[in-house]
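Colleague: Counting in numbering that gives the first Met the number 0, the sequence shown runs from 0 upward without gaps. Every residue, glycine too, gets a C-beta built ideally from N, C-alpha and C. Here the structure is a predicted model, which is why all the values come from computation and not from measurement.
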Amino acid sequence: MVKLLPVGVLIKLFVRTFDGHTDKVWAVAWSQDGKTFASGSADKTIRLWNIDSYQPPRILQQHSGWITYLAFHPTENLLVSGSTDFTIKIWNIETESLICTLVGHAAPVFSLAISGNGEILASSSQDGTVKIWRLSSGELLQTLAGSYPVAFSGDGCLVTGGDGKNIKIWHQVMWDGMVSRSGEWWEILDVMPNANAETVKLADRRLARQYHPDVNGDKEAVLKMQIINQAYNQFLLQKLE
């Protein structure tokens with residue numbers, strides 16, 4: 000059962016009840032036009048409801064686990080769903096068809112976020128990772144250390160939470176060089192926290208060859224090198240302590 004509530008002082012006076020699911024509802028999301036909302040349930044189905052119609056909902060049924068999260072694309076007729084079956088599915092809600100399934104997480108997916116321009120999807124899982132995907136192709140761009148929840152800012156930054164006490168903000172640098180603002184140098188240099196000096200030095204050189212403005216014409220190259228240099232300096236300072 001799904002209840003539609005008005006926003007305002009009289010929020011306790013619900014407008015309408017939508018019946019159809021056969022188990023607990025774990026996820027809901029509104030479409031951008033406000034005419035349709037989606038609900039996801041432990042009954043392994045997604046239902047698309049038209050708030051102006053009393054017709055039965057359209058049903059999307061491909062997941063083998065509970066539906067844990069739903070997100071509508073900001074400009075296209077797409078819906079993204081996460082599940083306890085470890086997968087993410089992208090649906091065309093106009094044709095009610097499955098476009099593709101994103102596989103990569105090793106545990107249930109509990110949070111999704113789509114960037115404001117609709118190009119990037121972030122997914123977070125109980126496996127302790129956040130994965131960055133290109134929505135148009137389903138390509139996995141990057142895997143980050145972090146967990147649910149996830150959310151994008153208007154300028155494309157990603158914020159991630161988790162079981163620990165830290166919240167991380169990730170700065171979008173063309174998504175091929177995403178770096179963390181959390182100050183964790185090993186994430187920027189793509190090494191383990193306990194990496195030895197030689198490994199860190201090689202990682203720094205590898206990134207410098209890739210992002211130095213002398214060899215990289217990307218408009219963000221200078222910013223990338225500044226962040227890489229700061230990370231390496233943090234490592235050196237840590238060794239001196």
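Among 37, 59, 60, 42, which has the Cα closest to the Cα of residue 49?
Modeller: Of the listed residues, the one whose Cα sits closest to residue 49 is 37.
Colleague: Kindly indicate which three-state DSSP category residue 195 falls into: helix, strand or coil?
Modeller: Reduced to three states, the DSSP call for residue 195 is coil.
Colleague: What does a CB cutoff of less than 6 Å around residue 192 pick up in its chain, not counting 5 residues either side in sequence?
Modeller: Cβ neighbours of residue 192 beyond the five flanking positions: 185.
Colleague: In whole angstroms, what separates the C-alpha of residue 190 from that of residue 202?
Modeller: Roughly 7 Å between the two C-alpha positions.
Colleague: Using CA coordinates, which residue listed in 34, 22, 51, 28 is at the minimum distance from residue 43?
Modeller: Answer by Cα proximity: 22.
Colleague: For residue 59 versus residue 95, is the C-beta spacing smaller than 8 Å?
Modeller: The answer is yes: Cβ separation under 8 Å.
Colleague: If I follow the unbroken alpha helix (DSSP H) through residue 214, where does it start and stop?
Modeller: From DSSP, residue 214 is part of no alpha helix (DSSP H); its letter is neither H nor E.
Colleague: Would you mind giving the Cβ-Cβ distance between residue 199 and residue 206, rounded to the nearest angstrom? I have them listed as a contact below 8 Å.
Modeller: Not a contact, Cβ separation roughly 11 Å.
Colleague: Could you tell me the distance, in whole angstroms, from the CA atom of residue 28 to the CA atom of residue 110?
Modeller: Distance between the alpha carbons of residue 28 and residue 110 is about 12 Å.
Colleague: Quick check on DSSP: helix, strand or coil for residue 138?
Modeller: Correct three-state label for residue 138: strand.
Colleague: Can you find the residues in the same chain that come closer than 6 Å, C-beta to C-beta, to residue 64, ignoring five residues on each side of it along the sequence?
Modeller: 82, 83, 84, listed in sequence order.
Colleague: Could you name the residues that DSSP lists as bridge partners for residue 70?
Modeller: Its beta-bridge partners are 79.
Colleague: Are residue 115 and residue 148 touching if we call contact CB-CB under 8 Å?
Modeller: No. Outside cutoff.
Colleague: Cα separation between residue 102 and residue 150?
Modeller: For residue 102 and residue 150, the distance between alpha carbons rounds to 20 Å.
Colleague: Do residue 107 and residue 67 count as a contact pair if the criterion is CB distance below 8 Å?
Modeller: Yes; because the gap between Cβ atoms is below 8 Å, this pair is in contact.
Colleague: What are the residues that DSSP puts in a beta bridge with residue 45?
Modeller: The partner list for residue 45 (beta bridge, DSSP) reads 39, 59.
Colleague: Among residues of its own chain, excluding the 5 on either side of residue 126, which ones have a beta-carbon nearer than 7 Å to its beta-carbon?
Modeller: Closer than 7 Å at Cβ, skipping near neighbours: 104, 105, 106.
Colleague: Using the Cα positions of residue 80 and residue 20, report the straight-line distance between them to the nearest angstrom.
Modeller: The alpha-carbon atoms of residue 80 and residue 20 are separated by roughly 16 Å.
Colleague: Can you check DSSP and say which residues form a bridge with residue 117?
Modeller: Bridge partners of residue 117: none, in fact.
Colleague: What residue does the alpha helix (DSSP H) around residue 230 start on, and which one ends it?
Modeller: First-last of the alpha helix (DSSP H) with residue 230: 220-239.
Colleague: Applying the 10 Å Cβ sphere with the 16-neighbour rule, what's the burial state of residue 123?
Modeller: Per the 10 Å Cβ criterion, buried.
Colleague: What residue from 33, 209, 165, 153 has the CA that sits closest to residue 119's CA?
Modeller: That would be 153, whose Cα lies nearest to the Cα of residue 119.
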